Structures are given as structure tokens and as C-alpha cells.
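Trainee:
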Amino acid sequence: MVQEILCSCPRLRVFRGDKVNASVIAAGRPWECTSMEKLTVQFIFGTEKGVIQSEGVTSIETLDLNMDELQSLVFKQLSLLTRLEELDVSLLLYQSDNWIVRGLDFRVSKGLGTLEHLKEMTILNLSYTKQEMAVEDVLWMVEHWPKLTEVSGDLH
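Numbering-wise, the sequence shown is residues 9 to 164 according to my numbering.
#1: Taking 7 Å as the limit between beta carbons, can you name the residues of its chain near residue 65, skipping five residues before and five after?
#2: Looking only at its own chain, which residues have a Cβ that is under 6 Å from the Cβ of residue 14, when we skip the five neighbours before and after it?
#3: Inspect the beta-carbon positions of residue 148 and residue 112 and report whether they are closer than 8 Å.
#4: Just the C-alpha distance for residue 16 and residue 163, rounded to the nearest angstrom, thanks.
#5: Among 140, 128 and 85, which has the Cα closest to the Cα of residue 157?
#6: Using a Cβ-Cβ cut-off of 6 Å (strictly less than) and excluding sequence neighbours within five positions of residue 91, which residues of its own chain qualify?
#7: Of all the options 143, 36 and 145, which has the alpha carbon lying nearest to the alpha carbon of residue 81?
#8: Give the DSSP-derived three-state secondary structure of residue 95 in the structure shown.
#9: Look at the alpha carbon of residue 136 and the alpha carbon of residue 161, and state the distance between them as a whole number of angstroms.
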């Protein structure tokens, strides 16, 4: 449902949604909500242990994409939201014997540069996404998101 809303509502400026499997975004249509200013969504990625499966969700294996390619496609969708001021991708970590879920990886080496056109970004919430950022990644954010005033979350 999250993907369908983002693809079908061109005038949407604020969206606070639930989780969406990143593979649904990769297999879906481009987002139409390019005037989005505030977005809260849990982008769910499976790990090497597997992928969250639910009714109607395509697995990463079906799409023949690895995790980096899948993340790249999500970043590409986000990069279209050039008016975005607040991005909240905080994630409740789900874990079982079969899978572990992670969120978007905000490192330059993982495609952060794709988001260079989000010049209006002021707030970035990465809570519970277990980021492994380096100084290089923070410097990139400072340089490319000049209005950034708040970053929160687990930053290692």
C-alpha cells in the first residue's frame, strides 16, 4: 500500500507510512509525489539469511538483485523528491532464526551520493537502522545538504 500511495498521489507533501519491502519499490513504478516535503517510511531489506516475505511481496531473489542494487533503486526513488525537508527512515529491528531486517545504509560507498539533489533536507532520522558511517559520510552530508540541522539515530 505504501508504494501504491507514493506512485499515485502527485500532490502529496507529507506522508507518514508503515514499512515497505525494498523489493516492492524495486519492482514498482516511479513515485509521482515529487513535491514531497516530509516522508516517514520504514524501508525493509532482508539480509543474507533471507528476505521478509508477505502476501504480494516479491523477493530479492525473484528480482535477481543483490542488496546494494536494491538499495540503489530505493535511493534513486528518493532522489526524485528534491523538495524533501524531513526524511525519517527509522526502523524497528525484526529478527528471527530465518531472517534479520536492516534499513537503508547511508554511506557514500553504498550510494549516498545519489541523494545529492536533496538540497532542502533539514532533518534525517536513522533511528534503529544501525548505521556504520565514517567521517567521509558525515562530511558528504554537510557539503551536499547545506540546510541539514538534525541527524538522529544509531551512528557508529
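From the three backbone atoms N, C-alpha and C, an ideal C-beta is built for every residue, glycine too.
Predicted, not measured: the structure shown is a model, and the values here were computed from it.
Mentor: Taking the structure as given:
#1: The pLDDT assigned to residue 65 is 44, lower than 50, so where the model puts this residue is not dependable; a value taken from the coordinates is nonetheless given after this. Correct list, in chain order: 29, 31 and 32.
#2: Excluding sequence neighbours, residue 14 sits near 39 and 41.
#3: Cβ atoms of residue 148 and residue 112: not closer than 8 Å.
#4: Rounded to whole angstroms, residue 16 to residue 163 spans 34 Å at the Cα level.
#5: Nearest to residue 157 by alpha-carbon distance, out of 140, 128 and 85, is 128.
#6: Cβ within range, chain order: 43, 45 and 128.
#7: Selection 143, 36 and 145 evaluated against residue 81 yields 36 as nearest (Cα-Cα).
#8: In this structure, residue 95 counts as strand in the three-state DSSP scheme.
#9: So the alpha carbons of these two residues sit roughly 6 Å apart.
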